[in-house]
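Sequential numbering from 1 applies to the sequence shown in the UniProt record's numbering.
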Amino acid sequence: MSANSFRKPVDPHVLVAEVVTSKQISPSLQRVTLGIEDIDRLTLVGDDQWFRLFLPRPGQESLKLPTRTSNLGWYAQYLATPRARRPLVRNYTVRAARPELREIDVDFVLHGPGGTGHDAGHDAGHEAAHQAGHDAGHAAAEPAGPGATFARTATAGDTVGILDQGAYHRPRPDAAWTLLVADESGLAAVAGICESLPDDAQGVAVVEVPTADDRQDFRVPAGVDLRWVERDRAASSEPVLGEVPGRAALEFARQAELPAGTGYALVAGEQALAAGIRRHLVNDRRWSRANVDFVGYWRHGKASPS
Numbered sequence: 001m002s003a004n005s006f007r008k009p010v011d012p013h014v015l016v017a018e019v020v021t022s023k024q025i026s027p028s029l030q031r032v033t034l035g036i037e038d039i040d041r042l043t044l045v046g047d048d049q050w051f052r053l054f055l056p057r058p059g060q061e062s063l064k065l066p067t068r069t070s071n072l073g074w075y076a077q078y079l080a081t082p083r084a085r086r087p088l089v090r091n092y093t094v095r096a097a098r099p100e101l102r103e104i105d106v107d108f109v110l111h112g113p114g115g116t117g118h119d120a121g122h123d124a125g126h127e128a129a130h131q132a133g134h135d136a137g138h139a140a141a142e143p144a145g146p147g148a149t150f151a152r153t154a155t156a157g158d159t160v161g162i163l164d165q166g167a168y169h170r171p172r173p174d175a176a177w178t179l180l181v182a183d184e185s186g187l188a189a190v191a192g193i194c195e196s197l198p199d200d201a202q203g204v205a206v207v208e209v210p211t212a213d214d215r216q217d218f219r220v221p222a223g224v225d226l227r228w229v230e231r232d233r234a235a236s237s238e239p240v241l242g243e244v245p246g247r248a249a250l251e252f253a254r255q256a257e258l259p260a261g262t263g264y265a266l267v268a269g270e271q272a273l274a275a276g277i278r279r280h281l282v283n284d285r286r287w288s289r290a291n292v293d294f295v296g297y298w299r300h301g302k303a304s305p306s
């Protein structure tokens, strides 16, 4: 990710959440609604608010959650726990929040039988890499990861843990407009940011999804041009654009006519998409590096550590 640090959580706590519902909302996305009894301890800031998701390992009878909340503290405690008792940890974005109902929605990208893609979260497997940047490690064409497996099999009452981590979206005061670019793993982030932008916001949002049926409806300010890139359609005319998620969005953004003036960009998704858009903006369009935030949620062909 970029050298600019993300917005820190206000007052993080490790919270217990229970599955309320899990439903497939499109061919590639499963939405899990989590109930959080003490949701008042979660400071909901909108934008692309992300969190650590603690999942039980297969065969675990109980979920052992860390009690420390700092980045180094919880991870040191995690490593000190015998591997067989550690929860699996992945990072996800809050798709929607209903504090009055004590609920949040989380979207998971499916793959394997009945879905395509990869876990919609970003890897939290080793904190050292996260401290240096934000490592991603999701396989795009491999068996379903723990996040997608959880989403598909979740039933009401299943217990998970969450730890708020803040948000990546940090618009610069000198920017007159916003550019958002993502693949399906960053769709929740783009939706959350668009819904948080002021009514008079200006910008462009480019979202690549596997098929047209994976599009979502969400509030977009009138001045923000939302452009969907359908991977299967792009690949039908240029097969190479279907080989790696994010490649079609990268090519689209390279060719796109963008607004004049100083912009701020946030790019999220597959590692090559995030790094590619940043290089394009800085090297080809002469943007200041300080105005480009990017995060590689996952890397094509590389599985997440467990």
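Even for Gly, the Cβ is constructed at its ideal location relative to N, Cα and C.
Any idea what DSSP makes of residue i, helix, strand or coil?
i           : result
S22         : strand
G223        : coil
I104        : strand
residue 351 : It is not possible to answer for residue 351, since the shown part of the chain is limited to 1 through 306.
G192        : helix
W228        : strand
T153        : helix
R98         : strand
Q60         : coil
Q77         : helix
R279        : helix
E208        : strand
So the candidates are the options; which of them puts its Cα closest to the Cα of residue i?
i    : options                : result
V45  : R68, L53, T69, D164    : D164
A97  : L42, Y78, W74          : L42
E238 : Q271, D225, F252       : F252
D232 : V220, I277, V209, D217 : V209
H13  : E61, F54, V32, F108    : F54
V10  : E184, T69, T159        : T69
F51  : A188, A176, G203       : A188
P171 : A201, A17, G59         : A201
E18  : K302, P221, Y92, V160  : V160
Going by beta-carbon coordinates alone, are residue i and residue j separated by less than 8 angstroms?
i    : j    : result
E103 : T33  : yes
A248 : A234 : yes
A272 : V244 : yes
L29  : D214 : yes
D105 : R90  : no
H169 : D40  : no
Below 8 angstroms on the Cβ atoms is my contact criterion, and I expect residue i with residue j to pass it. Report the Cβ-Cβ distance as a whole number of Å.
i    : j    : result
W298 : E270 : 6 angstroms
Give a yes or no on contact between the region 206-221 and the region 285-301, applying the rule of three or more CB pairs nearer than 8 angstroms.
no
Counting pairs of beta carbons, one from the region 186-200 and one from the region 67-81, are three or more of them closer than 8 angstroms?
no
Validate contact between the region 177-184 and the region 78-86 using beta carbons, cut 8 angstroms, 3 pairs:
no
Given 8 angstroms as the limit, is there contact between the region 266-285 and the region 210-230, that is, 3 or more CB pairs closer than that?
no
Is it a yes or a no for the region 22-33 touching the region 147-156, going by three-plus beta-carbon pairs under 8 angstroms?
yes
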